[in-house]
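Residue numbers (my numbering): 3 to 84.
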């Protein structure tokens, strides 16, 4: 389903958002990180994608990577609270 969304609407974020979320729900953390990165490459300023990837890092206990990404988020969105 999400692959179809990406195929039909490659310039919209919905499909790119769904794929990593499904992977996270299935606890396929490495796949989720790969999919989050694909989404971030396409939409580099999408806050939800950045937060999603940071969450994936935390699930894998990759705390340094999660912190690095969190620092980026705080720099990029200093006034945004989620």
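Cβ coordinates follow ideal geometry from the N, Cα and C atoms, glycine included.
Next on the checklist: The alpha helix (DSSP H) that contains residue 49, what's its start and end?
Outcome noted: 49-61
Checklist entry - Which residues in the same chain as residue 74 place their Cβ atom closer than 8 angstroms to its Cβ, once the five residues preceding and following it in sequence are excluded? => result 52
Item to check | Endpoints, the alpha helix (DSSP H) within which residue 22 is located | outcome: 16-27
Item to check | Reduced DSSP category for residue 65 - H, G, I as helix; E, B as strand; rest coil | outcome: helix
Next on the checklist: Whole angstroms are fine: how far does the CA of residue 67 sit from the CA of residue 16?
Outcome noted: 25 angstroms
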